[in-house]
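Asks:
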Amino acid sequence: MRKHLLFLRCLLVFNHTYAQDEEQQAGNAKGKIAGKITEHEGDPALGAQLFVYTTDNSAIVGSANTGDDNTNTGKFITNAIDTGVYNVHIKYTAYRTAIITDVPVKLNKTTTLNVKLSPQMPDVPEDDTIAYASIAPK
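Right under this line is the structure:
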């Protein structure tokens, strides 16, 4: 009886692992990025644009806008994107472009990314990007 139970456990683990491998090979290895973008004083950054780039910044693989859910909370969620590691760029009028590097996207998971933007300073070039972010893969 114990041998049969052990065999069934091994079979279940194998089937689960095999199904995940098949999903990844079929191009269904997707995840999402969600979170909240706020202004420097904590108010929601309504209408902020978020772009998800490959780590070499050569291609946009996902995007989102705050306010798409009509809640005016500054929250966003990307479309499903392939698993991997990405750079996220956030653009918002009168604020510095925020660039968050090495954001992980895992299979069937949503990575939480909360960003507090810094205002554009007239004497600082746009190339000097400043933002504060917290990343929490779930």
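When we follow my numbering, the leftmost residue of the sequence shown carries the number 1, and every step to the right adds one. Even glycine gets a Cβ: it sits at the ideal position worked out from N, Cα and C.
Would alanine 29 and aspartate 82 be called neighbours here (beta carbons separated by less than 8 Å)?
Replies: Cβ distance < 8 Å, so alanine 29 and aspartate 82 count as in contact.
Asks: For lysine 32, which of Leu46, Asn114 and Asn108 has the nearest alpha-carbon?
Replies: Nearest of Leu46, Asn114 and Asn108 to lysine 32, Cα basis: Asn108.
Asks: Is glycine 74 closer than 8 Å to lysine 116 when the C-beta atoms are compared?
Replies: No.
Asks: Under the DSSP definition of a beta bridge, which residues are partnered with glycine 84?
Replies: Answer is Val105.
Asks: Taking the CB atoms as reference points, tell me whether asparagine 114 and isoleucine 100 lie closer together than 8 Å.
Replies: Against a cut-off of 8 Å, the Cβ pair of isoleucine 100 and asparagine 114 comes out as no contact.
Asks: Could you check the C-alpha separation between tyrosine 92 and glycine 84 for me, to the nearest Å?
Replies: If I take the Cα positions, the gap works out to 26 Å.
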